[in-house]
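Chemist: Here it is, the structure, as structure tokens.
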Amino acid sequence: MSDIISRRDFLFYGGATIAGVTLGELGRRQLARADERAAAWRPRGVETWATSVCRECAAGCGVRARLADDVPVKLEGNPLCPIGRGRLCAKGQAALESYFDPDRLVGPARQAGSRSAPRWERVSWDAGCRLLASQLGGHGADVIAFAFDEHGPLADAWSHFWSSLGARLVWTHGATAERLTPAVAALTGAKACPLFDLERATHVLSFGAPLVEDWLSPVWTQRSFGRFRRTAGRPRGRLVQVDARQSLTARKADESLILSAEQQIVLAYAIASVLLRENRVNRTAIDAIGGDLAAFENAIVARYSPDDSAAATGVPVVTILRMARELTATPQPLVTVATDAPRPLVDATLALNALIGAIDHPGGLFGKIVNGAERSADAATVLGDIAAGRIRPRVVAFHDAAALRSVHAPPDPSTYLASVPFIVSFSPYLDESCAVADLVLPLDTPLESWHAVVPAPAIGGETIALARPAVARRLESRDLGSILRAVARAVGGDALTAFPWSSSEGIVREEVARLQRLRRGGLYSEAYEMDWLEQLERGGWWVGDATSDRDFITSALEKGGWIDPYFEPGLLSQSAREQGGLNFPVPPAIHGIPLAAARDEERAVGTTGQADAPPANEGFPLRLTVFTPAVVSLAGNQNVPGLFELLGQPEGLPWRPWVEVGHETAARFRIANGETVQIESPSGRIHAVAVLVEGLPEGTVSMAFVPASSAEARWTRTIDADVRRLCGADGFSTPCHVRIARL
Amino acid sequence: MARWGLVVDLDRCTGCQACVIACKHENNVPFSTPASSAAGRLMTWIQLVAVEMPGRDHRVPLPLMCQQCDRPPCTDVCPTSATYLSTDGIVAQVYARCIGCRYCTNACPYVVKVFNWTPPEWPASMQGMMNPDVSVRPKGVVEKCTFCHHRLMIARERAKAEGRELASEDYVPACVQTCPAEALTFGDLDDQHSAVAAAAASPRAFQWMEELGTKPKVIYLREGE
């Protein structure tokens, strides 16, 4: 099939290269969609299976592709993968649609016109790489390279390349536990990712953690949730969800409370206060670690009385008392938190885990060191600096569109990247990065790629997902290693020295060889074999997987990865002991928490009256909470019809972002369920379908974030209600106020 | 002969919809468009619906598919026997016999049979991802969940080729295979030693609209203790 496409594309683009595509957006569409003409249906028969790795988020789940005559027809989870154990989420399965995406870029191309009047020309790979090299030469310090935050040899190779040029590397963080690392370090002194032992917990108090939606490592989390709920021989796990909206997790919970992020901070400290007042903290566990509990107790008991906390949150005192008592009336309690929660809330939840003895306790919180350089830069902030003119890079490189989806500005990147003279995109899809680029050098899609990825921290031990391409290239894309090598060769000097690999295959094979030399761990295998391997290692034994180097490499790539399951719990406790005990956070005073904004809108809608300040948002009485549905891809291809159909379910609203309105607010503004409404803020206005939900406080609405794109991909362009049009420069992190009206 | 059934544990189900997309790819169910969805013509064999449950304050998500009734109302009204109860207990749908009268879609109380109002369409490049084991249904034909019946046929052939009896674990529908929360259990309901039979005997078990007497072989386990 790929041969046919290449021949016809060659003929088509031979003409296109000479003439240039001069029809603006239509030209871009032609460039991207020409492969349709060559696609052909033919019957297939021979079934085979190939191993790959899902790259739709940072979880790195193992995938098996079912091939019919070498063409992929279905993706399943890899049963040997310790993260998913044969299971796969909706986004993972939809990667099949990305491979066949009719709007995929067919090969390298350069912008012969301007970004406002695009005129695309196909170029050869050699010419494309030389063009990029000519832009990079001597300008390393003025280059910024954006990429989705992944770890592993391929991500390291990306870093090596740009670092050798002196470029700045910027990462777009996923919703992984790594975001919580600074708070863990502050409490325990360990620069470690938290591991939440959800599966073995008996009671979970969750502050906004989307357990059943998209948290940490989604397939692992969902598998753990299922086992937390029901495992033979154990009591059913109880879930209490404190959330900013009536999320799916809140609906699945045994009890849910709808509170703003600020109110959640108060509630978390109020529960801690009750634990200390009633002497319910696990003093045995805390004494074993050490720490100045008395100072924390003095501060928190004085500042967070149940009465004051109840007044600030609206949660009755009896409920606060009960929530605290429930936490200590269960053998294995756990407190979880959203990865994008404000730092004071993360600090409070980690402190709660310490108070209930959940640190390094089964069903509780563990720590895991993640190797690799610290990556603190945030793509949204850097893009904001470019937009404001605070930094003026000469060249910007986008590995993918994740950075542009994380940015808080309205969804037209061409405006805030107008000052950048040259932009290159490596994305294989017709997405936001391609829409602003001057040069596109499309990478292979995940099914076509070599993989050596460190999965996002979820399980103990050390894991790396490995795979060779599951399918042949469908179009004229290339692997990351060979593109960077060609550019490095053209740049010469340090870049060439720093990038010795000729292709991604070389990087992956080198990694597999390194793993074999470690003489520990083993290849992905059945769960009982991994347990056996861990027991052996615990006793000081190790048994190799293969008799020869070649066998090892072949097996590693077929089985989908390598794991050293040996995990020694106790890192957090040990680290805390070494630093002199737990370093409890200094709780902010209730009046220091910016609850004023919430009170302002309450006054505006007439629910409570604290008339000591003027209204903050005259004319915009509703506080907007933004959430990202689990089926929205923030890192991979968004032009996926299967996922757009899942949007707005189970409310029966496929393909559309929606706004959730409480019944009281709906009655006040005379809004009916399913009605299209206009949502307006000082920054802009959008239209969306209203869904009436239970439990959402009056004066609050919440809206799904589905990124709109200026690229012309056929399914993505059907989305125009991008909530970023409503938010200010600070994005979703600061409260946005809106008004809502029927159309 | 086995009596195939599915147990959905709503306490474990997270509403992630992995089952929905697994079904879509496995069975060549065509994609909708914003316009066709808005017109109520979304094509799915399994769909998440929000339902009210006793003891729950909020509507909870429930995966709804053909309930594979032992007394299916749809088969009684089919004038051409295009839909019938097979000896496996699976409500079959023979597309070549279907004349598109939609009596069955009206008779089904669960509203899980869908009609092809238009010819199924995929962009040309996506036609390569079709499962060769499942035929594509033309315009004017009713379709629905078959418990991935083609997988049963393949499993039977494989077992026969290997000279052994079909084992219950040889055959798993796509939705069950992918479910990340392990909320779906599938197997022979008549095998008292099977996991599905044990789950179906739970005191939490109920059938959707069981008061209608259709005797579904999809059994739900309610949330809570």
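If you read the sequences in order, they're chains L and C.
Okay, so the first sequence: first residue is 48 according to our numbering, each after it adds one.
Okay, so the second sequence: first residue is 2 according to our numbering, each after it adds one.
For every residue, glycine included, the Cβ atom is placed at its ideal position computed from N, Cα and C.
Here the structure is a predicted model, which means the values were calculated and not measured.
1. Find out if the Cβ-Cβ distance for the pair L:L570, L:W609 is shorter than 7 Å.
2. What is the rounded straight-line gap between the Cα of L:C783 and the Cα of C:F148?
3. Say whether the region 302-321 of chain L touches the region 349-364 of chain L, bearing in mind that this needs 3 or more beta-carbon pairs closer than 8 Å, one atom from each stretch.
4. Given that a residue counts as buried once 16 or more other Cβ atoms are within 10 Å of its Cβ, and exposed if not, what is L:M577?
5. Let's see if you can read the secondary structure: which residues bound the beta strand (DSSP E) around L:V483?
6. Counting only C-beta atoms, is L:L693 closer than 7 Å to chain C at any point?
7. Is it right to say L:R76 is buried, meaning 16 or more other beta carbons lie within 10 angstroms of its own, or is it exposed?
8. With a threshold of 7 Å on Cβ separation, who are the neighbours of C:P217 within its own chain once the five nearest residues in sequence on each side are excluded?
9. Could you list the residues in the region 119-135 of chain C with a C-beta less than 8 Å from some C-beta on chain L, going in chain order?
10. Alpha carbons only, please: which of L:I312, L:W762, L:A719 and L:A755 is nearest the one belonging to L:E692?
11. Where does L:H207 fall in DSSP's three states?
12. Just to confirm before moving on: does the CB-CB distance between L:C240 and L:E225 stay below 7 Å?
13. Please state if the CB of L:V736 and the CB of L:T747 are separated by a distance shorter than 7 Å.
14. Check whether the Cβ atoms of C:M66 and C:C146 lie closer than 7 Å to each other.
15. At a Cβ cut of 9 Å, what residues of the region 101-120 of chain L count as close to chain C, listed as they run along the chain?
16. Mark C:Y221 as exposed unless 16 or more other C-beta atoms lie within 10 angstroms of its C-beta, in which case mark it buried.
17. The beta strand (DSSP E) with L:K415 in it runs from where to where?
18. Exposed or buried, what is L:N418 when buried is set at 16 or more other beta-carbons lying within 10 Å of its beta-carbon?
19. Could you pull out every residue in the same chain whose Cβ sits closer than 6 Å to the Cβ of L:S99, ignoring the five residues on either side in sequence?
20. Among C:T119, C:V135, C:Y111 and C:L86, whose alpha-carbon lies nearest the alpha-carbon of C:W5?
21. For my contact list, L:P149 and L:A398 are in at a C-beta cut-off of 8 Å; report their separation, rounded to the angstrom.
22. Please report the distance separating the alpha-carbon of L:I766 from that of L:A137.
23. Cα-Cα, which of L:L201, L:T219 and L:C176 is closest to L:I191?
24. Tell me which residues of the region 19-31 of chain C have at least one Cβ-Cβ distance to chain L shorter than 7 Å, keeping chain order.
25. Thinking L:S15 and L:S461 are a contact (beta carbons under 8 Å), I'd like their distance in whole angstroms, please.
26. Looking only at its own chain, which residues have a Cβ that is under 6 Å from the Cβ of L:A141, when we skip the five neighbours before and after it?
27. Contact check, L:A156 vs L:E168 under 8 Å by CB: the rounded distance?
28. Within the 7 Å Cβ cut-off, does C:D191 reach chain L?
29. With DSSP run on the structure shown, which of helix, strand or coil describes L:P661?
30. Would the beta-carbon of C:A184 fall within 7 Å of that of L:G683?
31. Kindly indicate the opening and closing residues of the alpha helix (DSSP H) around C:C70.
32. Does C:K140 pass the burial test, meaning 16 or more other C-beta atoms within 10 Å, or should it be called exposed?
33. Round the Cβ separation of L:D485 and L:Q158 to the nearest angstrom and send it over; I've been treating them as touching at under 8 Å.
34. Going by beta carbon distance, what residues of the same chain come within less than 6 Å of L:S253, once the five residues before and after it are set aside?
35. Using 8 Å as the cut-off, can you tell me whether the region 328-339 of chain L makes contact with the region 399-415 of chain L, which would need three or more C-beta pairs spanning the two stretches below that distance?
36. Output needed for L:W589: all residues of its chain with C-beta closer than 7 Å, excluding positions within five of it in sequence on either side, in chain order.
Modeler: Taking the coordinates as given:
1. Using a Cβ distance threshold of 7 Å, L:L570 and L:W609 count as a contacting pair.
2. Between the alpha carbons of L:C783 and C:F148 lies a distance of about 47 Å.
3. The answer is yes - the region 349-364 of chain L touches the region 302-321 of chain L, with three or more Cβ pairs under 8 Å.
4. Buried.
5. Not the beta strand (DSSP E): L:V483 falls in the alpha helix (DSSP H), residues E479 to V483.
6. Answer yes: the Cβ-Cβ gap between L:L693 and chain C drops below 7 Å somewhere.
7. Per-residue confidence for L:R76 stands at a pLDDT of 48, beneath the threshold of 50, marking its modelled position as unreliable; the derived number appears in the next sentence. Looking at its Cβ environment, which holds 16 or more other Cβ atoms inside 10 Å, L:R76 is buried.
8. Q68, Q69, C70, Q208 and W209.
9. Residues passing the 8 Å Cβ filter: P124, A125, S126, M127, Q128, G129, M130, M131, N132 and P133.
10. Distances from the alpha-carbon of L:E692 to those of L:I312, L:W762, L:A719 and L:A755 put L:W762 closest.
11. L:H207 falls in the helix class under three-state DSSP.
12. Closer than 7 Å, so yes.
13. Taking a C-beta distance under 7 Å as the contact criterion, L:T747 and L:V736 do not qualify as a contact pair.
14. Taking 7 Å as the Cβ cut-off, C:M66 and C:C146 qualify as a contacting pair.
15. So the list reads R113, A115, D116, V118, P119 and V120, given in the order they occur along the chain.
16. The C-beta of C:Y221 has 16 or more other C-beta atoms within 10 Å across all chains shown, which makes the residue buried.
17. Where L:K415 is concerned, the enclosing beta strand (DSSP E) stretches over L412 to K415.
18. So L:N418 ends up on the exposed side.
19. Once the five neighbours on either side are set aside, the close Cβ partners of L:S99 are V110, A112, L494, A514 and A517.
20. Distances from the alpha-carbon of C:W5 to those of C:T119, C:V135, C:Y111 and C:L86 put C:L86 closest.
21. That pair is no contact at about 51 Å.
22. The straight-line gap from Cα to Cα measures roughly 20 Å.
23. Its Cα nearest to that of L:I191, the residue L:T219 stands out among L:L201, L:T219 and L:C176.
24. Within the region 19-31 of chain C, the residues whose Cβ lies closer than 7 Å to any Cβ of chain L are, in chain order, A19, V21, I22, A23, K25, H26 and E27.
25. In the structure as shown, chain L starts at 48 and stops at 790, and residue 15 of chain L therefore has no counterpart that could be examined.
26. Same-chain partners within the cutoff: V687, G689 and L690.
27. Right, the Cβ-Cβ distance comes to about 6 Å (below 8 Å), so this counts as a contact.
28. So, not an interface residue.
29. The predicted position of L:P661 is uncertain, since its pLDDT is 41 and thus under 50; a value taken from the coordinates is nonetheless stated next. It is coil, neither helix nor strand.
30. No; because the gap between Cβ atoms is not below 7 Å, this pair is not in contact.
31. Where C:C70 is concerned, there is no enclosing alpha helix (DSSP H), because DSSP gives it neither an H nor an E.
32. It is exposed - the Cβ of C:K140 has fewer than 16 other Cβ atoms within 10 Å.
33. That belief holds up - the Cβ atoms of L:D485 and L:Q158 are roughly 4 Å apart, short of 8 Å.
34. Taken in chain order, the residues that qualify are Q288 and T383.
35. Contact holds: three or more Cβ-Cβ distances are below 8 Å.
36. For L:W589, same chain residues with a beta-carbon under 7 Å away, outside a window of 5 residues either side, are R566, R567 and L583 in chain order.
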